[in-house]
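The structure appears below as structure tokens.
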Amino acid sequence: MAKSSTKANSGKLKGESPIKVPPLPPGSDLPTSFAEPQGSGGETHQSTADAALTMTTQQGVPVADAQNSLKAGPRGPTLLEDFILREKIFHFDHERIPERVVHARGYGAHGVFELTDSLAEYTRADVLSTVGQQTEVFVRFSTVAGNKGSSDLARDVRGFSVKLYTKQGNWDIVGNNIPVFFIQDAIKFPDLVHAVKDEPDRGFPQAQTAHDNFWDFASLSPEAWHMIMWIMSDRAIPRSFRTIEGFGVHSFRLVNAEGKSTFVKFHWKPRQGLQSVAWNEAVKINGADPDFHRRDLWQAIESGDFPQWDLGVQLFDQETADKLPFDHLDATKLIPEEDIPVRIIGTMTLNRNVDNFFASTEQVAFCTANVPPGVDFSDDPLLHGRNFSYLDTQLKRLGGPNFTHIPVNAPRCPVMNFQQDGHMAMRNPIGRVNYEPNSWGAEGGPRENPEAGFVSFPAETQGNKQRIRSETFSDHYSQARQFFVSQQPIEQKHIGDALVFELSKVERVDIRARAVSHLRNVHDDLAATVADGLGMALPDAAKATRPTLDLPPSPALSILGNGPDSFKGRKMGIFLTDGSEAALFTALTDVLDAEGAVWEVVAPKIGGVTLDDGMAVAAKQKIDGGPSVLFDAVAVLPSADGVQMLVKDGASKDFVSDAFGHCKFIGVGANAKPLFDEARVPPELDDGCLPLAKPADAKAFVAACRALRFWPREMTVDLDAASIKKS
Ligand code: HDE
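Numbering (the working numbering), first residue to last: 398 to 1124.
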């Protein structure tokens, strides 16, 4: 019997009846016979006897024919009277709303947050106090720079926005997968975004920082260089939304029933482990499947493999904050987990895909100012700008003040106030009274509640009104260096490679040099590697306001140090031909199923293959559309005859040479060698290429795949490796 992954594939069994063509669903019939006058005998293509399925206009008027407009005679002019035509076209004309200025491309899902450790000692927020309580959530992941139709694997920050529908109102943690930001003051945000996005005269490049304007801005903004280290790292090319961390970035406050405030930073830690892809792979995924991340999330949730994140908090008081070497109000700084540990307090599970992308993912409106009583703001100047911006942007995008009436934005707790009217009002206050104070007693509507209501923490403020940056924000390089030294050597190499790639796309030589001058303040080895990669002389270090501190490495900052410990939820590509060995295929898929992994069969034809015992197996991918970049690891198991065909095929050769070049674990079938030879990949030289010649080999192969990649190979396949320096 063919084994099939319930998640990714279904094997077609031997002797299965030929594919049947299902009847067309209602509304998809072929067009009406041409010259028949409308309504002449009820043969219009939409006909249905079922009142519940009867198509109507937006006014609810039943529609008899929505495929032919009303005409004066079969070949005559269309009549203005046709309200069905006009309404349909009118609605179509207005289908688009402005896409987000940043984070335009996103993907969302519903889920639930469960509290496992109470913070009642620190906060009045019910959602953080009642252990075991489940709170509905909606999450939207996004890229930042690209337009709505850009590709998922852009080198970019990922947005990680969570809306928790708490009993005390909606709480939005609008975070990123990087714990710091490019700038320290909100007033710089429009310039940053203009510089990142496509250049205004030519309208490109799309979704890339690899152009002059971005590096011009960055090289003139020393505060950006910590974040630049992160976006040049593999954090910016994640394997999946399921494998990214989320960070609230700013310090917030928790305020308890006694009015005591504690600072807090929020972290989402993926139970799937941190995982990223290689840059060359990212570039190719964008071509092979521009929807790679959204498809991945959708499929995981559809298959019941629900992604989970633990919510962690770093809690600290003013006294601790005063002792930190940085100002925690500066969003270009993080607090190392080794200094203030992350306390895990709950788990979020994404368990339901959206019913309609536009209704939920496009219309969801997050705002950093949406907090329940017991959560409050720090004085981070970036956060204050955000608290204004997000509400403001919803007016433009969603068209009016009533966007909170849209189901995805509507609180799940009662909403009671005297705000009324405006575009698209769905729930105006009822009754005679729409003002306060009023003397209508019980009929007078909602009242303020000093006990349960939101009370701002009475933080003391003083000082002169002035446009100024705090002197405590002025060390721009020490944490950039700390990030670099916290990476494993291969991760450091990737940072160097990314910088060389990006700066190679910068046309102005002076901008390249100015960028490298900042790297000299970060780490001399990195600066030397990048200068060498660009073929330029090492410039002087940029002028720094403070000397770079030598902070200790923080292992929590490495992806590889925090990767997955199994192949669960990851995807194996199994390359088969007619005549491939059934026993081996069955053994491999058994082991993968037991691991909780996903697998897909790749074959020369989408119709599938017939194995050596006569078993028919359906393919999920035809080789041309299923390159190895779509998989975490691959097994190449052709038959002796099949491989003779594959050696002539470019896509088949790319399959193995890319898998090899991207340092993937490769299961090498007994007959696969000619294909590897033809692709000039020497499998026998490498411990990441494991024999998969007999069923008993499957276990060891899948066990090896648990590691993210076989990184030692990169030193043999990538020229840039020559310049890697030991830090
Ligand atoms: Fe945003 N940001 N941002 N941002 N941001 C938006 O709000 C803004 C910043 C982040 O999935 C916009 O509804 C300013 C930091 C995410 O719908 C806009 C500043 C962080 C999302 C806006 C920042 C973020 C946005 C565009 C500097 C990480 C997507 C559409 C003061 C903590 C939300 C919208 C979603 C979206 C403004 C900086 C994360 C224009 C002014 C720092 C995840 O309002």
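Ideal placement from N, C-alpha and C gives every residue a C-beta, glycine not left out.
Note that the structure is predicted; figures quoted are calculated from it, not measured.
For residue i, three-class secondary structure by DSSP
{"i": "Asn750", "result": "strand"}
{"i": "Glu1081", "result": "helix"}
{"i": "Leu1183", "result": "As shown, the chain starts at 398 and ends at 1124. That puts residue 1183 outside it, with no answer to give."}
{"i": "His664", "result": "strand"}
{"i": "Leu1072", "result": "helix"}
{"i": "Ala1112", "result": "Inspection of the sequence shows that residue 1112 is occupied by Met rather than by Ala. Note: Met1112 maps to helix in three-state DSSP."}
{"i": "Thr640", "result": "helix"}
{"i": "Met626", "result": "helix"}
{"i": "Met1042", "result": "helix"}
{"i": "Thr869", "result": "helix"}
{"i": "Thr441", "result": "Any reading at Thr441 is ruled out, since the residue's pLDDT is 43, under 50, leaving its predicted position unreliable."}
{"i": "Val577", "result": "coil"}
{"i": "Glu596", "result": "strand"}
{"i": "Thr563", "result": "strand"}
{"i": "Leu1008", "result": "coil"}
{"i": "Thr765", "result": "coil"}
{"i": "Gln791", "result": "helix"}
Neighbourhood of residue i by C-beta, 8 Å cutoff - its chain only, sequence neighbours within 5 removed
{"i": "Ala1093", "result": "Ala984"}
{"i": "His488", "result": "Gln455"}
{"i": "Ser1036", "result": "Thr974, Asp975, Gly976, Ser977, Glu978, Asp1009, Asn1068"}
{"i": "Asp937", "result": "Ser914, Arg917"}
Member of the options whose CA lies at the smallest distance from the CA of residue i
{"i": "Lys1019", "options": "Ser1049, Gly966, Leu957", "result": "Ser1049"}
{"i": "Pro687", "options": "Ala1013, Asn610, Ser547", "result": "Ser547"}
{"i": "Gly993", "options": "Val897, Thr942, Asp987, Lys965", "result": "Lys965"}
{"i": "Val1051", "options": "Leu1072, Leu450, Asp907, Pro769", "result": "Residue 1051 is actually Asp in this sequence, not Val. Cα-wise, what sits closest to Asp1051 is Leu1072."}
{"i": "Pro826", "options": "Asn806, Glu759, His802, Pro459", "result": "His802"}
{"i": "Asp1038", "options": "Pro1001, Met1012, Ala1013, Ser1054", "result": "Pro1001"}
{"i": "Phe880", "options": "Ile628, Asn799, Phe854", "result": "Ile628"}
{"i": "Pro952", "options": "Val534, Gly930, Pro886, Asp987", "result": "Pro886"}
{"i": "Phe713", "options": "Tyr519, Glu655, Glu620", "result": "Tyr519"}
{"i": "Lys485", "options": "Asn959, Gln464, Val499, Gly470", "result": "Gln464"}
Cβ-heavy atom distance, residue i to the ligand HDE, below 8 Å
{"i": "Ile625", "result": "no"}
{"i": "Asn799", "result": "no"}
{"i": "Thr790", "result": "yes"}
{"i": "Tyr787", "result": "yes"}
{"i": "Arg1110", "result": "no"}
{"i": "Arg537", "result": "yes"}
{"i": "Ala756", "result": "no"}
{"i": "Gly842", "result": "no"}
{"i": "Ser548", "result": "no"}
{"i": "Asn573", "result": "yes"}
{"i": "Leu476", "result": "no"}
{"i": "Phe557", "result": "yes"}
{"i": "Ala633", "result": "no"}
Boundaries of the alpha helix (DSSP H) in which residue i is found, first to last residue
{"i": "Gln715", "result": "715-720"}
{"i": "Arg692", "result": "689-699"}
{"i": "Ala1000", "result": "Here Ala1000 belongs to no alpha helix (DSSP H); instead the beta strand (DSSP E) covers 995-1000."}
{"i": "Asp987", "result": "979-992"}
{"i": "Ser963", "result": "Looking at the DSSP string, Ser963 is not in any alpha helix (DSSP H), and its letter there is neither H nor E."}
{"i": "Ile737", "result": "Note, Ile737: premise wrong, no alpha helix (DSSP H); not H, not E."}
{"i": "Met1130", "result": "Since the first and last residues shown for the chain are 398 and 1124, residue 1130 lies out of range."}
{"i": "Lys968", "result": "No alpha helix (DSSP H) contains Lys968, which is instead part of the beta strand (DSSP E) from 968-973."}
{"i": "Asp773", "result": "Careful: Asp773 lies outside any alpha helix (DSSP H), inside the beta strand (DSSP E) at 772-774."}
{"i": "Ile481", "result": "480-490"}
Continuous beta strand (DSSP E) stretch holding residue i: start and end
{"i": "Arg909", "result": "Looking at the DSSP string, Arg909 is not in any beta strand (DSSP E); the run it does join, the alpha helix (DSSP H), is 906-919."}
{"i": "Pro1088", "result": "1086-1088"}
{"i": "Val509", "result": "503-512"}
{"i": "Thr567", "result": "Going by the sequence as given, residue 567 is Asn instead of Thr. Element bounds for Asn567: 566-573."}
{"i": "Glu533", "result": "531-540"}
{"i": "Ser616", "result": "Taken as a continuous stretch (DSSP letters only), Ser616 belongs to no beta strand (DSSP E), being part of the alpha helix (DSSP H) at 609-616."}
Residues of its chain near residue i, where Cβ-Cβ distance is below 7 Å and the 5 sequence neighbours each way are ignored
{"i": "Ala1101", "result": "Phe1062, Leu1087"}
{"i": "Trp622", "result": "His873, Tyr874, Ala877, His915, Val919"}
{"i": "Ala602", "result": "A small fix is needed here, since residue 602 is Pro in this sequence, not Ala. Excluding sequence neighbours, Pro602 sits near Asp595, His608."}
{"i": "Val768", "result": "Trp568"}
{"i": "Asp1115", "result": "none"}
{"i": "Arg1106", "result": "Cys1060, Lys1061"}
heavy atom of the ligand ADP below 8 Å from residue i C-beta
{"i": "Ala1095", "result": "Among the ligands in the structure shown, the ligand ADP does not appear; only the ligand HDE can be found there."}
Own chain, CB closer than 6 Å to residue i, minus 5 neighbours either side, in chain order
{"i": "Leu427", "result": "With a pLDDT of only 47 at Leu427, under 50, the local geometry of the prediction cannot be trusted, and no value is derived from it."}
{"i": "Val564", "result": "The question names Val, but residue 564 is Lys in the sequence shown. Correct list, in chain order: Asp523, Cys810."}
{"i": "Gly1023", "result": "Val999"}
Any C-beta of chain D under 9 Å from that of residue i
{"i": "Pro459", "result": "Of the chains in the structure shown, none is chain D; there is only one protein chain."}
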